[in-house]
Each structure stands twice: as structure tokens, then as C-alpha cells.
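Chemist: In our numbering, the protein residues as written are 209 to 949.
Every residue gets a Cβ at the ideal spot worked out from N, C-alpha and C, and that includes glycine.
None of the values given here were measured: they were computed from a predicted structure.
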């Protein structure tokens, strides 16, 4: 009935009397609406959590009457008194809002409004006034601003006149409006709003079909004058002249606009020049003109340069040319907007270039606008030696065929230059259903995929195939991924197209030798296999991991430092966001073993909190030409592994042999704290590089683990060579941190 969404719970006590059959009912009312709402934020804020109702109302003589009816909200009130019937109207409404800040935090001060109805419901007249006192809008002072007006014959050939008068921020504010209704048509012969030197003026008519004829001009040397009306900071110069015509039942417009440094909260344009003529806008539009915008910002996106040129073509068509630089893209396009039903855009040329990558239309394509969507024909994008084609219909309903052939993944750098992917993709998809619930099948094959991380780690290219079906807002997934000949994973399950939970299973094996390219720089190597049987469930941003990873036949070798572990085996079990390590151990050269057990929480924000135990008995830690050592470990590692885990416990050396060589090995590093005095040439350059690296490292968060260790060596610590032959023993306690022990 109110033609808007009303909210709230009404509690009302009414004492009624009268003759309903004769259309006469009166009542004394007392009640309230809790949590009232009319769908307008400012009004809802003024109403607050409770709207009280008191007074009397009646239905009589084909109209209504009110006797001191009070509507009292938490921050505003209304009083209604009088009557309006078919024969006579004498009704007064008074509104008061003592604190405008309650309506909008950008406002302050108080406002009052009066409405008086006279005449009769057959020919209703009205006078009204709205006044703001000691107000402010976005901090601008409005000592007094009033809007007054009158209306005649509101239910018939209405005429309305209104005037605005006052001052805003010390500048005069004036306005005038005169309008008259004739049936379903309106004639606005005066529209005038000015603040200081900025003004909006116009006069136009709207016919019964809501087609306009007239003129509107904007002259604003400084748009900031209108900032209080917009409730946001405006800036810049804007001049615009818009001429409207509806001859022959066709809406046409001639627009000329020039702007400099135009800024608002959501849009800014450093320079705007537009001259355009548009004919028959709502049916068969014909365009002629040019729009130029420099350094525009719209919705957080920056458009460095935009040029749109429209020229009349054959058979009422419009030829369009577009050139735009935005988000690092250089975009160029050329096409024709054809008149007819349905409307059609014929694209002759389109290209987008960014970061040295380019995509372009392989040939002519067309887009038909119909049924609330777009029918795509011949849309084929060429990228490198690949092709991406899209045909069909996209709208509320979908009927699309998508095909990709040898599409280079390097073109993803167009979307994000940091995505330095390499490889090619082939894909097919047939999508139906609706935009909210797409359905259909898809298939993708990726060959020779590499990422910056895989390239720097020396990993082989990734080969992958995947297929699935869309249904119910989700997609099934059946994928095979291979990283080299001995690392293969199979991923099955389903994933949401938007918000929702993952339900994936990952099975297969990974070859530890994948890490050898990276480790070989230090002469190290690993061997073995990780057998994967995992599940991923829950939100994609923080999935819950389940299942196990079994490590078998593992090995680690570091000949330069005399470290070797064989027969490494163990199990990593996932449960939610916890990873449990059980039975992870390796065999040292002398047959001893080193074992690790405990839990790690998969929580990157917390630094991967852990509680681990490291133990060994009679394990040979080191065996090289310089030294060999055998002993026991009893260590506890707790806290965030990625930041500052606490390492505590005992290291017992059963035996250690140190051989002092005649010559130091080439891979031996200088003693810490060594200073080179009066360095020159190459040495000076290397020291300068070292200082820069230290300064850079100092600016980054450092890994600094607290330590609480006891290193015990009762005896059997032998040092021999270069005249030495000695045995040592003792105990050493180390505390502090790794950075400052």
C-alpha cells in the first residue's frame, strides 16, 4: 500500500466508534512501532528504535481527519492536526529534527518543516516550508537555509513553485523551481540553483512518454560550492550545456561539456572535453561526437587516457573508435553500432597490450544485445600462437561454447605482470544454465607449465589435465598433475564457484629428488618418496587438511659437512589445521637414528606454532675429514616455527674427533667478526655489497629463536694435527637467542 518496504512491529490500542458501513470510523490511538523503518537510511536513523503514536484519527466524508496526532521518534517528531475531505481541506503537518547528525554524521544542526493543505481533495492546494538553523554539512556552516513553496490543484493540473534562500559557508545560496502538470506530461519552465558563482539552470518539458525537450546548463568555476548538497568534497571546474529534443517521438540530445580537475569521492577527471550529438537514444541510437578524458579515476580504477570518437555511418549506423590507457593496458578498438532489432555491435578491430604482452581480435566479431544479455558471434582472441574463442549467449541465461587452443599462459601477465607463468593451455567448455546457477562440462590441458618459483627451484615443467561439470553452484574436479616422471598427483572432488566449502582428495607420490637442483648448489642431495593421501575441506582461504603423507626410502647427503642420513621414514597426518608428525626418523652412518615427533599448526598468521621432540641415541652427527662426532639428542622445539621457536634440551657428545688439517678447504668461510683493514679494489666492492645486504636484512623481521641448551661432553673430545694431540671434556650451557646467544 505504501509502495515501499516498511519495517517494524506495531503495538496499538485503539478505541473505535462510528458506522463502518457508512464510511464513518473514529478512534483514539495509543501505541508504538518498534524497530521502525521506511527504507531511507536518514529517515530510519531519525526514527530510532521506537516510534510512539498518540492522538485521534477518523475516516469520514470520503477523507480523513486528525486531532493532535503525534508521531514521536527517538530523534524526530511529527504533529498532524486538521482534516482533508472531498469538500474541504484544512490540515497542518509539523516536523522537527533537533539534531541532524542523527540522520547523517556529515550533518549537524536542527531542521523544521511545515505543510499546510487547503481547498479540498477534489482541488487540493498546499504550502510548505523547510528550514535548517545553525546547521553544518561536511563541516560547512549553514546559519540559515530555507525552502518555501506552494502548490495548486495537486490532484489535477498541478502547479508547483518553490524557492531556496540562505547562505552556505558564507556564500549566498539561491534557488527556484516552477513546474506544471498537464495530464501525464510536465512542464518545468524554471530550474535554477546557485551557490556563489556556481549554478545549474534549465527549462524543459516531459511528455507523457517521459521524453524531454529543453535545455540544462551547468556553470561551476569551482564545484566545491555544491559540496554541502552532495555531502562530499567536490572540486574542479565544470561547464556543461545539454539540449534535449523529442521531435517525432524520438529522444535526442546535444551535449557539450568541459571539465578541469573534477574530483569527488568516487570519480575524478583531470581533463574532460565532450561534444556529442545523439539521436533516437531509446530505439535506434545514432551518435556523432568525441569524448576525451585524461587521468580519470572511477571506482578505484585509473584511466590515464580515454578517447571515444563516434561518426555517422550508412543506414543509420554509428562508427566507433576507442583508444584507452588503463591499469597499464594500451587498448584500441574500432567497430560499428548497427541500428535495428536486435541492436548489434560489429567489432572490426580490438587489441590490448601490457608488459610486452598483446592480445587481439583475430577477425571481425559481433555482439547482439537482446533478451537482457549479449549474443556473441565470431569472438576469437589471438594471443601469441594461440586462440581463444567464445560463441553463444551470455545473460540471465547462458549458452556458451568456449575453446582455447595452444593458448600461452604468459598472457596472464596482462591481468597481473607479477604472474610470470610459462606454458600453453588447451581448453573446452560448454556452459548452460543461468548466470546464478551455471551448468555444463569443461576440460583443460596444461603443458610445460612453469612458475617463477618452480624455475628458481630448478623443478621440471608441470603437465596437467583436468575436467569437471558445473552444477548447483559447484564444479566437480578430476585432475592429474605430473612434475617430472616420478612425481604424480591425482585430485578429485568438488569446489565452489563462489562462496562455499572445498571437498577435495589428493593422492599420489612426490619424488624428493625434485629438491636436488636447489640443494646441489651446496653439494647436498636428498632421495626418497612422499606418498600423498590428503583431503582438503572447508573454505579455500583456510582449508582443513586431513589424511596422511608417508615418507619412505628417504635419504640426505651433505658430503662437504660430513652429514648423511639413510632409510628416512615417517608419517605426517593432517587433522583440521593440525599436522601430526609420527615415526619420522633417519639412520646415521654408524647405525644410530635421529627421530622427530610432534605437532605443527597450519596457521601462517601465527607463524606455524609447533611442539616437536627431537631425539637420538648413539647417532653419528658428522663424519668428515675435519671432524666426526657421535652422541645423543634430547631437544624440544616449541612456538612459532616461522618466527621464534624455542629450542631447549640437551646434546650429549659421546665421542668427537677433530683433525686440524695442513690446509683449509676452499669452502671454509671466514671467522665471524674478522675485519679487513684498508680494503681496496675488489675487496672494497665486496665489503660494500655486504654492508648493503646487512642493511636490507636489518629492515626485515628477523628469525630469532630463543635457546636453552646444555652441551655435555664428559670426555673423549680429541683434537689432533699440526703438533696437537689433546683430549677435552666438560659442559657448556647456551641461553639467549640464536641472534644473541
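1. Helix, strand or coil: which one does DSSP assign to residue 380?
2. Can you have a look at residue 909 and say buried or exposed, based on whether 16 or more other CB atoms are within 10 angstroms of its CB?
3. State the Cα-Cα distance for the pair residue 220 and residue 243, rounded to the nearest angstrom.
4. Kindly give me the distance between the Cβ atoms of residue 754 and residue 745, rounded to whole angstroms, as I take these residues to be in contact under 8 Å.
5. Tell me whether residue 549 is buried or exposed, calling it buried when 16 or more other Cβ atoms sit within 10 Å of its Cβ.
6. Going along the chain, which unbroken runs of the alpha helix (DSSP H) with 4 or more residues stay wholly within the stretch 634 to 678?
7. Please work out which residues of its chain come closer than 7 Å, Cβ to Cβ, to residue 263, disregarding the five sequence neighbours upstream and downstream, and give them in chain order.
8. Is residue 909 helix, strand or coil when you go by DSSP?
9. Tell me, please, whether the stretch 560 to 570 touches the stretch 585 to 602 by the rule of three or more beta-carbon pairs shorter than 8 Å.
10. With a threshold of 8 Å, are at least 3 pairs of Cβ atoms found where one atom belongs to the stretch 725 to 741 and the other to the stretch 798 to 809?
11. What is the residue span of the alpha helix (DSSP H) that residue 229 lies within?
12. Taking 6 Å as the limit between beta carbons, can you name the residues of its chain near residue 865, skipping five residues before and five after?
13. With contact counted as at least three CB pairs below 8 Å, one residue from each stretch, are the stretch 775 to 782 and the stretch 833 to 852 in contact?
14. Pick helix, strand or coil for residue 470, following the three-state DSSP scheme.
15. Per DSSP, residue 555 is paired with what?
16. How should residue 750 be labelled, buried or exposed, when 16 other C-beta atoms within 10 angstroms of its C-beta is the threshold for buried?
17. I'd like the span of the alpha helix (DSSP H) that includes residue 408, first residue to last.
18. Taking the alpha-carbon positions, what's the residue 699 to residue 682 distance?
19. Taking the continuous alpha helix (DSSP H) assigned at residue 804, which residues delimit it?
20. Please work out which residues of its chain come closer than 6 Å, Cβ to Cβ, to residue 815, disregarding the five sequence neighbours upstream and downstream, and give them in chain order.
21. Which one of 422, 271, 267 and 461 has the shortest CA to CA distance from residue 485?
22. Going along the chain, which unbroken runs of the beta strand (DSSP E) with 3 or more residues stay wholly within the stretch 734 to 768?
23. With DSSP run on the structure shown, which of helix, strand or coil describes residue 358?
24. In angstroms with no decimal places, state the Cα-to-Cα distance between residue 943 and residue 830.
25. How far does the beta strand (DSSP E) with residue 829 in it extend, from its first residue to its last?
26. Could you tell me which residues DSSP pairs with residue 597 in its beta bridges?
27. Going by DSSP, what residues sit across from residue 221 in a beta bridge?
28. When the Cα of residue 181 is compared with those of 500, 631 and 473, which residue comes out closest?
29. Which of the three DSSP states, helix, strand or coil, is assigned to residue 526?
30. Output yes or no for whether 7 Å exceeds the beta carbon distance between residue 649 and residue 674.
31. Is it the case that the Cβ atoms of residue 413 and residue 395 are separated by a distance below 7 Å?
32. Does the beta-carbon distance from residue 794 to residue 827 come in below 7 Å?
33. Using beta-carbon positions only, say whether residue 496 and residue 514 come within less than 7 Å of one another.
34. Mind checking whether residue 602 and residue 586 have CB atoms under 7 Å apart?
35. Checking 7 Å against the spacing of the C-beta atoms, do residue 611 and residue 597 come in under that value?
36. Please report the distance separating the alpha-carbon of residue 336 from that of residue 282.
Modeler: To lay it out plainly:
1. If you number the chain shown from 1, residue 380 lands on position 172. Under the three-state reduction of DSSP, residue 380 is assigned to strand.
2. As a position in the chain shown, residue 909 is number 701, starting the count at 1. Because the pLDDT at residue 909 is just 49, under 50, the model does not fix this residue reliably, and the value given afterwards should be weighed accordingly. Exposed: under 16 other Cβ atoms inside 10 Å.
3. Counted from its first residue, the chain shown places residue 220 at position 12. Counted from its first residue, the chain shown places residue 243 at position 35. Spanning the two alpha carbons is a distance of roughly 15 Å.
4. For this step, residue 754 is matched to residue 546 along the chain shown. For this step, residue 745 is matched to residue 537 along the chain shown. The Cβ separation is near 7 Å, so the contact holds.
5. Here residue 549 is taken as the residue at index 341 of the chain shown, counted from 1. Label assigned to residue 549: exposed.
6. Runs of the alpha helix (DSSP H) spanning 4 or more residues and lying entirely within the stretch 634 to 678 occur at 660 to 664, in chain order.
7. Locating residue 263 in the chain shown gives position 55, counting from the first residue. The answer, listed in chain order, is 237, 274, 275, 276, 277 and 278.
8. Within the chain shown, the letter at position 701 stands for residue 909. Caution applies to residue 909, whose pLDDT of 49 falls short of 50 and renders its modelled position unreliable; the model cannot decide the point.
9. Yes: the two stretches touch, three or more of their Cβ pairs being nearer than 8 Å.
10. no
11. On the chain shown, position 21 is the one that residue 229 refers to. Careful: residue 229 lies outside any alpha helix (DSSP H) and carries neither H nor E.
12. Walking along the chain shown from the start, residue 865 turns up at place 657. Counting only Cβ-Cβ distances below 6 Å, and skipping sequence neighbours, we find 836 and 926.
13. no
14. Position 262 of the chain shown, counted from the start, is the residue given in the question as residue 470. Strand at residue 470.
15. Taking the first residue of the chain shown as 1, we reach residue 555 at position 347. 543 and 573, per the DSSP bridge assignment.
16. For the purposes of this step, residue 750 is taken as the residue at position 542 of the chain shown. It counts as exposed.
17. What you label residue 408 is simply residue 200 of the chain shown in a count that begins at 1. That residue, residue 408, is in no alpha helix (DSSP H); its beta strand (DSSP E) goes 406 to 414.
18. One-based indexing of the chain shown puts residue 699 at position 491. One-based indexing of the chain shown puts residue 682 at position 474. Residue 699 and residue 682: Cα-Cα distance of roughly 16 Å.
19. Translated into positions along the chain shown, residue 804 becomes position 596. First-last for residue 804: 801 to 809, but that is the beta strand (DSSP E), not the alpha helix (DSSP H).
20. Here the question's residue 815 lines up with position 607 in the chain shown. So the qualifying residues of the chain are 848, 850 and 851.
21. As a working note, residue 485 is residue 277 in the chain shown. Residue 485 has its Cα closest to that of 461, out of 422, 271, 267 and 461.
22. 752 to 766
23. Taking the first residue of the chain shown as position 1, residue 358 is located at position 150. Residue 358 falls in the strand class under three-state DSSP.
24. Along the chain shown, read from residue 1 onward, the residue named residue 943 stands at position 735. Along the chain shown, read from residue 1 onward, the residue named residue 830 stands at position 622. Computed Cα separation, rounded: 24 Å.
25. Taking the first residue of the chain shown as position 1, residue 829 is located at position 621. Looking at the DSSP string, the run of the beta strand (DSSP E) that includes residue 829 is 817 to 831.
26. As a first step, residue 597 must be located in the chain shown, where it is residue number 389. Looking at the DSSP assignment, residue 597 forms a beta bridge with 588 and 611.
27. By 1-based counting over the chain shown, the position of residue 221 is 13. The partner list for residue 221 (beta bridge, DSSP) reads 238.
28. Because the chain is modelled from 209 through 949, residue 181 falls outside the range shown and cannot be assessed.
29. Stepping through the chain shown from its first residue, residue 526 is reached at position 318. Of the three classes helix, strand and coil, the one that applies to residue 526 here is strand, per DSSP.
30. If you number the chain shown from 1, residue 649 lands on position 441. If you number the chain shown from 1, residue 674 lands on position 466. No, the pair does not count as a contact, with Cβ atoms beyond the cut-off.
31. Mapped onto the chain shown, residue 413 falls at position 205. Mapped onto the chain shown, residue 395 falls at position 187. Their beta carbons are under 7 Å apart, which means residue 413 touches residue 395 by this criterion.
32. Walking along the chain shown from the start, residue 794 turns up at place 586. Walking along the chain shown from the start, residue 827 turns up at place 619. Against a cut-off of 7 Å, the Cβ pair of residue 827 and residue 794 comes out as no contact.
33. Counting from one through the chain shown, the residue named residue 496 turns up at place 288. Counting from one through the chain shown, the residue named residue 514 turns up at place 306. In this structure, residue 514 does not lie closer than 7 Å to residue 496 by Cβ.
34. For this step, residue 602 is matched to residue 394 along the chain shown. For this step, residue 586 is matched to residue 378 along the chain shown. No; because the gap between Cβ atoms is not below 7 Å, this pair is not in contact.
35. Here the question's residue 611 lines up with position 403 in the chain shown. Here the question's residue 597 lines up with position 389 in the chain shown. The answer is yes: Cβ separation under 7 Å.
36. As a working note, residue 336 is residue 128 in the chain shown. As a working note, residue 282 is residue 74 in the chain shown. Answer to the nearest angstrom: the Cα atoms are 24 Å apart.
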